[in-house]
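Right, one structure below, let's go through it.
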C-alpha cells in the first residue's frame, strides 16, 4: 500500500504542476532610432514551461516621475511579444523601460532583473525646429564682462566637460539643450547629490553616470551665462566646476520685428504630423493613419499645451469596422500650468497615490491648486467610453413549422445555419439522432452559425396553473364520468420567462380570463412553434458602457520635512438601456461601483536622502447587477420566511372555469383559487423600517454615485469592503468605535524607508519596504495593485576603494494568500511562501574590464491551509457527557522548490585610435530543484529501451497493468537530481567612429533544459546588427539593421502524441506499447529574419521632417509544409513645425 501511494503521489506531482519558475527573457535590441512624436515599437522574447499569462512594458520619459505601463501582445511567433507606445506620449530626451512577465501560476520576473531600479535607457531624439531666415546683423554688444574666475575643485580623476552649448552662440540659434559629460572612473560621485545650477538657480536635469542633460524652458538673454556642476563625493565633500558661454544679441530690422514678435512674445511653437503604416500581416490592419498636432505657448506665468491625435483606417474597411467596437484611440489634450493652478482637459493621466489614482487615463477635467506647500487636486471624467453595440436580426429566420422553403433559402436551426437544396420543402433541417443531426436530403449544412437564439422580449412568462397544471389522468373522478382532459387539454409548450417548456395541462382555456391560450399565442403545440414565436436569432457585437471617475486629493508639506496627504476617488459604470435592445445581453456587462480612499505620509530629511513614507487604503466595490433584498432584510429584521411582497401561490390549485370546478389532482379537495400570501408589505411596522432603510441607502447612493446591495458581502469574489467579510462588516457597523480594529485586520498598507548609514570606510545605503493588500481591495484608478499578497523587501548596498568595488545584498519575503481561514466554512486556501536572498559584487577598476556577479537564492513552499474542528467528549456521569470542540489550523506542504540564479555581466571599453569600442555581455544560469517531485515511484516510459536502461523495474503490483509504467528508485528515476537548468547568454558590441558612423552587433541565446530527462531542451538564438550614418551635414540619418531569431527543440527519444508508431507486427498503431518503434519528430524548428531600414530627413526650411521605416520579415517553420509569405511593412511620418 505504501509503495502504491508513493507511486500515485509521484505521478500526481508531474501533472499540472506549478514549476515556481519565472519566465525567461531574451531582449531584442531595437534596430531603428527613436524620435519625439513618433511611435515606439519594442519587442522581447519570453519563454516559460507554463503558459505566459501576461507581459507588460513599464516605461517613462525624461520628465516623468512614475512609470507608465502597457500590456504586450503576442506577435508573429508565440514567444515574441511586442507593444507600441503611442506617438502622443513620446517626448525627446530619454526613455527608461523594463519588461515584466508572469506565468499562469503568478511566477513573475523583470528584465533587466533590477526592474525600475535598473531600467534600460535609450535616447529619444528631438525634431529640430527652426524659424524662417531673418535679415539680421550679429555683433558683440559692448558692456558685457566675462566672469572674472570660474570655480573648479575637481580631482584629476573626475573629468567634467560641457558638450553643449558652444562657448559663443547666436541668440537666434538658441540653446535647445545643455549637455555635461561626466567621466567618473573612480565612481566617487554620489549620483543623487548631483545638481546643475544655471546663473545661480538650481534647475531640474536628467542625471546619469555618464551625462547630465537639461532642456531650458526659456531662452537665454544676451550676455555671459554660467553653468555650474555641483555634487558630493562619497565622504560628503562638495565638488564643483563652472562653465560659461556667451549669447550674442541679434539685431533685426523694424519690419521683421513686427512680423515675428508675437511668436517670440508668447514663445509659440507647434507642429502638425501625419503617420501612416502599411502592414499586411494577418490579423493586423493593412493601413493605419494617424494625424497629430501640438501647440505650445506661454502668456506670462501661464504655460499652455494643446495636442491631438486622430487614428483611422482608410483602405482596410474591416479594421475600420472593428475599431468602432473598441475603446476610441483618438485623443485630445489641453494643459494649462502656472505657479498656482494647473488645469487639464481631455485625455490625461493624473496621479494621486498608489492605492487611489495612479496610471489610469481619464478623459475629462483635472485641476491642481497650489498655495505654498499646500496642494489640492480634483479630477472628473471617463475612464471607459461609450462603444455602440451592434445587433443584427434581419439576416436570417428561425425554421418555422408553418413555412414552405424554396431553393436557396437560409434558416437557423439548433445553432446551425442551413440552406435549402430542393424546391418546396417543409422538413426540419436538424432532427436529432444520437446527439447529432440526422441526415436530411432537403438541406445542407452551411456553417456553425454566428447567430444565437435569444428571447425576443415579446413573449411574457406563462403561469401554467391557470390552465390546470399536470392533471392526474388516473384520478378516481374519471371513473364517475369526468373527462380526463378538458377543452383543448394536452401537452403544450409555453414560455416560462427564459426558455420554452413543455407541460401537461387540463385545458387550453385560461380559467381566469376565458381566453384560448393557443389563439392568444400563449400555448404552442410544438417546441419549434414556441421557439419561432418567442426567440429570435441575432448576431451581437458587444459594446461598452461608460465608466465615470471623480477624485479629490489634498496634501501639505510641513517644515519641508513632513508631508501628509488624503486621496479619494469614486467610480461607477452607467447602465444604459440603449446599450442593447434585448435585456438578456445586459448580463454580459459588468456594472461596478467603486470607491477608494487613502491616506499617505512622507518624512524626508538629510537632503531627501532619508525618507520614511507610507500609505493606508480602504475600498468598497459593488456589482450593481446584484439585488439589495438580503441587505435590506437584515437591516429591517425581516425574517427569511416572510416575503417582501404579497403573492399568489398556485400550488395545488385545481381547474375552475365559470363555476365548473374539476379536482384535477384527485386529492378529494377542490381548490378553486390560488392562495394569497401576505408579505412584509402588509406589516406597517416592518415596512416602515424597510422603507426607512431603503431611503437611507438611496441617500448613500447619491453620495457614492452607485447603490449598495447584497454584493457588499462579496469578499470571496474580490468585492465588498476591503479586508472585511460580510459578518465582519456587520460587526463593524454595529460595534461602533469598539470595532474599528477590524479595519486593521486585513489592511491595504505600504511602508517604505530608505537612508544612508555613514561608516568610517564607506556609506551603507539601506532600503526596506513592506506592502500588502487584501483579496478584495480594488481601485478603478489604479490597476497595478497586487492583492491577496504580502511583500517585504530589503536591500543594503555600499562601495569600497573609491567606488571601484560595489556590494549589494537583499532579502525579500512574499506570502500569497497570507490571511488564515477562521472556520471550516472558509474552505482550503492555497498559500505560497517565497524567501529570496540575493547578493552582488561589482568590480570597476580604471582601464580594466568591469564585471558584475550576482547570485539569487530562492526557496518557495506551497501550502494547503484549512481550519479543521476537533471534537472531544467527556462523561460527566453515567448518563450524560459534554462535547468540546477545538479549532486547529492545518498547513499541509504540497510543493517545495529551491531556485538558484547566477548572473555574470562583464563590460569593457577600449579605444583603438579614434575608434571607440564598447563590449558588454550577460550570462544568466538558473537551477530549479523540485524537492517533492524527485521521488521513488512509477513513471511512464514511452520508449522501448530506456525503461530498463535507466534502472526501471516492471512491477505490476505497484504500477498496475500498464506496460509503459516502470518503477524507479529516487536515484534512477527520469528526473534530473539537480533539477532544471535554464541559461541565457547575451552580448553586444558597439563601435563609434570620428565620422558620423555607428555600428552595433548583438547576440543572445536561451537554453531551457527540463529536469525531466524524457523531454528535450529548447534553444532560442538571436543575432542582431545595426548600422547608422548621417549624411548631408547630419540632415539625413540612415539606419540599416536586422535580427535573426532561431528556435529549435530536437526530438526527445520518447513517443509523443502525433508521432507515427510501428507496432511489432509492422502495422501503424495509435497507442504506444513496449517493443514498438516510432519516428521521433523534431518538436520545434523555426526561424525569423527581420530586416529594417530607417531614414530621417530634416528640411530646415520650411521646417519639415520626413521619416520612413521599411521592415521585411520572413518566418519559416520547418515542421509545416505550407510556409507563411514574407511580410513587408512600411511606416511614413511627415511632420511640419511652425
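Residue numbers (the working numbering): 25 to 1162.
Where a beta carbon is used, it is the ideal one built from N, C-alpha and C, also for glycine.
Query                                                                                                                                                                                               : Result
Once you ignore the five residues that flank residue 1155 on each side, which residues in its own chain have a CB closer than 6 Å to its CB?                                                        : 301, 1133
By the 10 Å Cβ neighbour count, where 16 or more other Cβ atoms means buried, how is residue 683 classified, buried or exposed?                                                                     : exposed
Roughly how many whole angstroms lie between the Cα atoms of residue 1158 and residue 1130?                                                                                                         : 5 Å
Taking one C-beta from the stretch 406-413 and one from the stretch 421-434 each time, how about it: are there three or more such pairs within less than 8 Å?                                       : no
Name the DSSP bridge partner or partners of residue 1120?                                                                                                                                           : 1061, 1131
So is residue 546 buried or exposed if we call it buried at 16+ other beta carbons inside 10 Å?                                                                                                     : buried
Assuming residue 1110 and residue 1071 are in contact, meaning their beta carbons sit under 8 Å apart, how far apart are those beta carbons, in whole angstroms?                                    : 5 Å
My understanding is that residue 703 touches residue 670, with C-beta atoms under 8 Å, so please give their C-beta distance in whole angstroms.                                                     : 5 Å
Taking just the CA atoms, how far does residue 87 sit from residue 149?                                                                                                                             : 15 Å
To test your reading of the DSSP string, which unbroken beta strand (DSSP E) runs of 3 or more residues are found completely within the stretch 596-635?                                            : 616-629
State the Cα-Cα distance for the pair residue 918 and residue 353, rounded to the nearest angstrom.                                                                                                 : 46 Å
Using three-state DSSP, classify residue 406 as helix, strand or coil.                                                                                                                              : strand
Taking residue 384 and residue 393 to be in contact with their CB atoms under 8 Å, please state how far apart those CB atoms are, rounded to whole angstroms.                                       : Not really, about 21 Å apart at Cβ, beyond 8 Å.
Can you tell me where the alpha helix (DSSP H) holding residue 723 begins and where it ends?                                                                                                        : 708-728
Residue 337 and residue 312 look like a contact to me (Cβ under 8 Å); what is the Cβ gap, rounded to whole Å?                                                                                       : 6 Å
Thinking residue 619 and residue 728 are a contact (beta carbons under 8 Å), I'd like their distance in whole angstroms, please.                                                                    : 6 Å
Three-state secondary structure (DSSP) at residue 1151?                                                                                                                                             : strand
Between the stretch 229-236 and the stretch 256-265, can you find at least three pairs of beta-carbon atoms closer than 8 Å?                                                                        : no
Identify whether residue 310 lies in helix, strand or coil by the three-state DSSP scheme.                                                                                                          : coil
Which class does residue 660 belong to by DSSP, given the choice of helix, strand or coil?                                                                                                          : helix
Could you pull out every residue in the same chain whose Cβ sits closer than 8 Å to the Cβ of residue 993, ignoring the five residues on either side in sequence?                                   : 960, 975
Using the C-alpha atoms, what's the distance from residue 60 back to residue 762?                                                                                                                   : 57 Å
Who does residue 821 pair with in a DSSP beta bridge?                                                                                                                                               : 789, 832
Taking only the alpha-carbon atoms, compute the straight-line gap between residue 685 and residue 488 and give it to the nearest angstrom.                                                          : 17 Å
In this structure, how does DSSP classify residue 469 when only helix, strand and coil are distinguished?                                                                                           : strand
Flag this pair as yes or no: are the beta carbons of residue 954 and residue 1035 separated by less than 8 Å?                                                                                       : yes
Does the structure place the stretch 430-449 close enough to the stretch 515-527 that three or more beta carbon pairs sit under 8 Å?                                                                : no
Could you tell me which uninterrupted alpha helix (DSSP H) segments, each at least 4 residues in length, are contained entirely in the stretch 920-1004, listed from first to last along the chain? : 970-973, 980-983
Near residue 1119, what residues of its chain come up, given a Cβ to Cβ distance below 6 Å and the 5 sequence neighbours on each side ignored?                                                      : 1062, 1132
In its own chain, which residues sit with a C-beta less than 6 Å from the C-beta of residue 1007, not counting the 5 before and 5 after it?                                                         : 949, 1031
For the beta strand (DSSP E) that contains residue 1052, what are its first and last residues?                                                                                                      : 1042-1055
I'd like to know if the stretch 493-510 and the stretch 550-557 are in contact, where contact means that at least 3 CB-CB pairs between them fall below 8 Å.                                        : no
For residue 454, which of helix, strand or coil comes out of DSSP?                                                                                                                                  : coil
The alpha helix (DSSP H) with residue 756 in it runs from where to where?                                                                                                                           : 750-759
Take residue 588 and list the residues in its own chain whose beta-carbon comes closer than 7 Å to its own, dropping the five residues that flank it on each side.                                  : 579, 580, 625
Leaving out five residues before and five after residue 1011 in sequence, what residues of the same chain have Cβ atoms less than 6 Å from its Cβ?                                                  : 945, 1027
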